[in-house]
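Protein chains in written order, with my numbering: chain A, 1 to 287; chain B, 288 to 574; chain C, 575 to 861; chain D, 862 to 1148.
4 protein chains.
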Amino acid sequence: MARAVIILIQCRDQKGLVSKISTFWYERGFNVLDCQQHVDNGAGNFYMRLKLDLEERAWPDASTTNDFQKLADSLHLNWTVHDTGTPERVAILVSKAPHCLYDLLVRQRENELPCMIPLVISNHDDLRSVAEQFGVPYEHLPISADTKPQQESQIRKLLDTHRIGLVVLARYMQVLSSRFAGDYAGRLINIHHGFLPAFQGGNAYQRAYERGVKMIGATAHYVTADLDEGPIIEQDVERVTHEDSPKELSRIGRDIERLVLARAVKAHLERRVIISGHKTVVFSSGV
Amino acid sequence: MARAVIILIQCRDQKGLVSKISTFWYERGFNVLDCQQHVDNGAGNFYMRLKLDLEERAWPDASTTNDFQKLADSLHLNWTVHDTGTPERVAILVSKAPHCLYDLLVRQRENELPCMIPLVISNHDDLRSVAEQFGVPYEHLPISADTKPQQESQIRKLLDTHRIGLVVLARYMQVLSSRFAGDYAGRLINIHHGFLPAFQGGNAYQRAYERGVKMIGATAHYVTADLDEGPIIEQDVERVTHEDSPKELSRIGRDIERLVLARAVKAHLERRVIISGHKTVVFSSGV
Amino acid sequence: MARAVIILIQCRDQKGLVSKISTFWYERGFNVLDCQQHVDNGAGNFYMRLKLDLEERAWPDASTTNDFQKLADSLHLNWTVHDTGTPERVAILVSKAPHCLYDLLVRQRENELPCMIPLVISNHDDLRSVAEQFGVPYEHLPISADTKPQQESQIRKLLDTHRIGLVVLARYMQVLSSRFAGDYAGRLINIHHGFLPAFQGGNAYQRAYERGVKMIGATAHYVTADLDEGPIIEQDVERVTHEDSPKELSRIGRDIERLVLARAVKAHLERRVIISGHKTVVFSSGV
Amino acid sequence: MARAVIILIQCRDQKGLVSKISTFWYERGFNVLDCQQHVDNGAGNFYMRLKLDLEERAWPDASTTNDFQKLADSLHLNWTVHDTGTPERVAILVSKAPHCLYDLLVRQRENELPCMIPLVISNHDDLRSVAEQFGVPYEHLPISADTKPQQESQIRKLLDTHRIGLVVLARYMQVLSSRFAGDYAGRLINIHHGFLPAFQGGNAYQRAYERGVKMIGATAHYVTADLDEGPIIEQDVERVTHEDSPKELSRIGRDIERLVLARAVKAHLERRVIISGHKTVVFSSGV
C-alpha cells in the first residue's frame, strides 16, 4: 500500500466546510483517497475523515501543516493527522482468559490489524505460553489489594518504554484508576462481556442466564473514569435459548467478544473513530 | 389441520419421565405429533410439550383425564391442556402508535396467528379507523389520573364480556395495576421498545441515542407486577450507527417491535411457552 | 421538513471532484444537508449524493441549472436532481399474496415512505379488498397466454394515466416483457423470494427446503431483461432449521420479503440508490 | 464431565417410538441426560438423539447392546453409539490460508472442541509453523497433475496410521476423488466460502463482488462425490456494502468461515448431526 495520511476533523457545523477543506488539499495537488463526513444535526457538530495519498511527499511538511492550521483556526477545527506508514504500537492486557489474546495475535500476524504488538501484560502468569508462542514478550505483574497503585506504575513504565500508542484490555479483570483512564483517554479500549448498558459490571453471563434473555452480546468501548460508561465503538449479539446454561452462554459469548473487540481495534487503528463526548462516530471501512 | 391437543408439563426432574408420560399416551393409542422436552440442569426442573393427534376422539375425555391426573399426581406434574380446535380470543390494547396493531390484525387475517381478535381497547380514539378497517370493534376508554382504577374496571368488564384469553399490550402507554397483572398472569404480553434489561422504562430510543449504542432492540414479555421485569418471550435487535437520529431509531425500532411481538404472540398461541419463575421455556415451532 | 433537492452524480473518478462540486454549491449560498461520496477503486468510478437545503429558493432555477450543467460537462458528470417536495407516485403490482401489499400500504399511510400510492394492479381479483380498505383504486387485469401483450399494454396505459414514477412488483407472479423492463429501467423494483443468486426462478422455498439450507433469504432488485439478474438493492436472511417445513419456510420468508422490499423502496424513494451497470450504490439513510 | 454415551437413531416414523426407546433405557436404570426427537412429516422419517449417563457402567455392555439391537431390529432403527469418554481424532487438511487452521487449533486447546488433533496435512509447506506452534505434526504432501492419485494414497495412509475419525478441509484447495469422498462419507467436512447453493466453485468472493450482493456467507457441509452438493451442516452471513472491495469481502468472509466451520465441527463431534439423504438434522447444543 502506498503511503497515505488520515486526517480526522471535528468542529461545529457551518456552511462551506466540505468545500473549504477539500479545496485546500486539491489546490496543493493531493489525491483524496477517501472522504467521509457526518453532521450530527441534533448537536450541530461536523465530523470528517480525509485520507490523502502522499505519493512522493514527506509529511509533516512544515509549510502545508502551517497553512492547514491557519484554515483550522479560522474554522475552529479540532484535527489530528495519522501517518499510515507508521503502524501503531499496541499493548494487550489480559488476566486468565486466552480467547481475545489469541484472536488479536493471529489477526496481527495475518495482517488484518495495521499494528505491532510488542507487549502483553498480565496480572497472572497463565497466558505466558500464548504470547511466547507468537514471539511476543510477556510481562507478569501480579496484583494484590496492597500493591494496586505500584502495579499500575509498573504498567505505565512498560507502556512508556515500549512507546505504546494503544492499550487493549482483552478480558483484563482489574479496574484501572481514573487517573490512568484519563491519561490514556482515547487510547484505551476494553471488551465488556455484556450488551451495554445491560449487564454492567461482573458476571454478565450468569446474570443474563438468570434474567432469561433471548440474546447475549458484547461491547467494545473506550475506557473512561466511569466504569462501563465509556464511548461504545462496537457491539454485537447472538441468539440464545432456554437450553443454554451459563457455561454455554460464556462459550457463545467468547465468540462475540473476539469479533467485537477485533472490529473495534481495527476501526481505531485504521483511524475511523472520532470520539465525541461519550459517543463515537465510526466511519465505514471502505478505504 | 386435524384436531389436536397440546399438553404442557413442568415438574422436578426425575428418572423415567419421558418413558412414563410417552407410554401413557402410546398405550391409549394416541399418535404423538410432537414431543419436546427440556431439563434445566441448574434448577433441576423438567419441561415438556406434547402434541397429540385427536383423530376422531373427543377431549376432554373424563376417563383419560382422570387417569392422566393420577399419573401427574404420582410424578408431581403441573400440566395444562389446550385444544387446538378452539382458537384463543385475543384483545389488543393500544394507545396512539398503530404499527403493532396493524401487524397483528394483518397476520391474524392472513392465518399466521391461530386466534380471533374480537376487541381492540385504547385510552385514545386515534386508532379507531385501523381497527374498524379490519372489522374489529374498538373501545375507547379514556384515562386520567383520577379515573385510572375505573378505567381498569371497564377494561376488565370488556375482557370478561368478550371471554378474552390473551391480552396483548401493543404499545399501550399506561401501566396496569399489580392486581391486574396478577389476575392475568401468563395471559398478558407486552412489547417493550428496548433490549431488556437495558433501557427499562420510557423513552428507550432517545436514551439509546444518547448512550451511543450500536444496536437497538425490542423485548416481548409477560407482564408481572414488576414493570419490565416479567418473563421474556422473545427479543431481537438491529444494527444502527452514529448517523441514526432518535427519530430514525424509532423507525428502525418499529420494525423490531412488530416482529418481536408477533413472534411472541404466535409462540404463546401455539402453546410453545412455559413460564418458569421469571423466565420462559420457548419450544421450537416445528409442529 | 423543509424543501430540499437531492442530486445524484456518477462519473469517472478524477482529482478535485469533491472540491469542485461542493464549492459550486457553497459559492451560491446553498446549505449542504448531506454529502456522501463513494469511489469504486476497481472500476475507477465516482458516485455522489448531495442534499441541498432550498430554503426560500425555487428549483429548477434556470441559471443555476445552466451553470451546473457547464460544470457537469467539463467533468463528464451524469447527474439527476430530485425535489423532495414532490413525492413519487408509486404503483404496486400484485397477484394473490397480500403480505407485501399490506406492508407497503401501512408504511405509506404511516409516513414511512415518501410517496403516494394511487394505484394497485393485479392479474387476479383476490386482493381488491386489501387495496380498497386503504382507499386505493384496484385494477384487475386478467392475463392468459393469449392476452399477455394486451394486458401489458393496459398496464402501461394505467401507469401513464396515473403518472407513475415507480412500479413495485410486490409478489407479482407474471414475467414482464424485456421491452417493458427496458422502458421502466431503474423505475421497476421486484422482490424475489430467495437469496440471489441462489434459488433464481420459482418455488424458491420448496427448493431451499429440498437443499437443506440453514438460512433463507429474500432479495429486492431492479428488474432488467434478464430475470433475477437485475441490480440488487437489498437482501436479508433468517436462520431456519431441519424442523421447518416448506410451509414454515414460506411463512418465515414472508417476513423477510416484507422488510427487504420496504427497505429497497424506501432507499429508492429517498434517492439513495445509484445504479451502476448491474450493481447498485446504496447510500446510508442519515439525512 | 461424567462419562456418557450418545445414541443417534433414524428410522421410519411409527407410533410408540419415543415410548419404546425411552422405556428400554429407563427399565435398565439409565439416566437420560438429553433426549431430542425430530419427525420429518414430509418424508415420514424419525430422528432421535439420546444421551445416557453411564455412571459406573461400562459400555459396550454386550447384553444391553444385544437387547437394544433386538428392539432396533423390530422397529427397523438405524443407530450408532458414541462414547463421550473417547475423544475423536481429527485431521485438518489445509493449503495456504491459515485462518481456519488457527481457529480450530485454538478452540481445541481451549477445550471448546471435544477432540484431539494429531495431524495437519497440506499440499504446501506454508503453514508448517502454525501447526508446529501448537505442537501438532505437519505433513507436507505436494501435489501436481501427475501425482494426484499418489498424493491421495499418502493422505489415506496417514489417516489410517493416526486412526483419524474426522477429516476437516479447512480451506484445502484440492478436490478429493469421489472414491475418497465415498470412503469417508459422513466423516469429511468442508468449509465453502459462499452461501450455498449460491457461488458454488471457486472465487466466490470475487463473484459475489461482481454480482453486487448485499450479504456474503459461508457454508460447512459434508463432502460427497458431487462438489458443493453435500449435506449442509451450518451457514452464516454478514452484511456488506458497495464500499467493500473483493479484498474486503475476503477478510469479512474469513470471519464467517472460521465461525461456521467451528460450529459444524463442534456439532459433529458432539454427535448432534444425523445425515439424512443430502440433508442434515442438527440437534441443539443444550447438553
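Cβ atoms here follow ideal geometry from the backbone N, Cα and C, with glycine treated the same way.
Quick caveat: nothing in here was measured; it's all calculated off a predicted structure.
Please tell me whether residue i has its Cβ less than 8 Å away from any Cβ of chain D.
i: K302 of chain B; result: yes
i: V797 of chain C; result: no
i: T310 of chain B; result: yes
i: N615 of chain C; result: yes
i: F642 of chain C; result: no
Can you name, in chain order, every residue of its own chain whose Cβ lies under 7 Å from the Cβ of residue i, other than the five neighbours on each side?
i: A958 of chain D; result: R1032
i: L1020 of chain D; result: A952, V1028
i: T925 of chain D; result: R889
Taking 8 Å as the CB-CB cut-off, is residue i touching chain F?
i: M215 of chain A; result: In the displayed structure, chain F is absent; the protein chains listed are A, B, C and D.
Should residue i be labelled buried (16 or more other beta-carbon atoms within 10 Å of its own) or exposed?
i: K501 of chain B; result: buried
i: H99 of chain A; result: buried
i: A495 of chain B; result: buried
i: V955 of chain D; result: buried
i: G905 of chain D; result: exposed
i: C682 of chain C; result: The residue you asked about is not Cys; residue 682 of chain C is Gln in the sequence shown. Under this definition Q682 of chain C is a buried residue.
i: G165 of chain A; result: buried
i: V136 of chain A; result: buried
i: N203 of chain A; result: exposed
i: T86 of chain A; result: exposed
i: P1003 of chain D; result: exposed
i: T1022 of chain D; result: exposed
i: S250 of chain A; result: buried
i: V32 of chain A; result: buried
i: E949 of chain D; result: buried
Using beta carbons (cut-off 8 Å, strictly below), is residue i in contact with chain B?
i: C844 of chain D; result: A query on residue 844 of chain D cannot be resolved here, the shown segment of chain D reaching from 862 to 1148 and no further.
i: D282 of chain A; result: Checking the sequence, you will find Val at residue 282 of chain A rather than Asp. Closer than 8 Å to some Cβ of chain B, the Cβ of V282 of chain A qualifies, so yes.
i: Q707 of chain C; result: yes
i: N906 of chain D; result: no
i: Y676 of chain C; result: yes
i: D829 of chain C; result: yes
i: R745 of chain C; result: no
Check the Cβ-Cβ distances between residue i and every residue of chain A, and say whether any is below 8 Å.
i: A485 of chain B; result: yes
i: V967 of chain D; result: yes
i: R1112 of chain D; result: yes
i: E572 of chain B; result: Sequence check: residue 572 of chain B is Ser here, not Glu. By this cut-off, S572 of chain B is not an interface position.
i: L1019 of chain D; result: no
i: S593 of chain C; result: yes
Within the same chain, show all residues whose beta-carbon is closer than 6 Å to that of residue i, passing over the 5 residues directly before and after it, in chain order.
i: L50 of chain A; result: I7, C35
i: V1142 of chain D; result: H899, Y908, I1135
i: A799 of chain C; result: S752, A755
i: D126 of chain A; result: K96
i: R567 of chain C; result: The structure shown does not extend to residue 567 of chain C, since chain C is modelled only from 575 through 861, so no value can be given for it.
Measure from the C-beta of residue i to each C-beta in chain C and report whether the shortest distance is under 8 Å.
i: P385 of chain B; result: yes
i: Y26 of chain A; result: yes
i: Q206 of chain A; result: no
i: L556 of chain B; result: no
How about residue i and residue j: are their beta carbons less than 8 Å apart?
i: E234 of chain A; j: I256 of chain A; result: no
i: Y313 of chain B; j: G877 of chain D; result: yes
i: L679 of chain C; j: I695 of chain C; result: no
i: R845 of chain C; j: H714 of chain C; result: no
i: G504 of chain B; j: V510 of chain B; result: no
i: S883 of chain D; j: S571 of chain B; result: no
i: A291 of chain B; j: L339 of chain B; result: yes
i: A1081 of chain D; j: F769 of chain C; result: no
CB-CB under 8 Å to residue i, same chain, minus the five flanking residues each way: which ones, in chain order?
i: D818 of chain C; result: Y783, I826
Please give the ranges of any alpha helix (DSSP H) in the stretch 928-984 of chain D, keeping only runs that are unbroken, at least 4 residues long and fully inside the region.
Whole alpha helix (DSSP H) segments, 4+ residues: 960-970.
Length-filtered (4 minimum) alpha helix (DSSP H) runs lying within the stretch 700-785 of chain C:
702-707, 722-735, 752-757, 778-785
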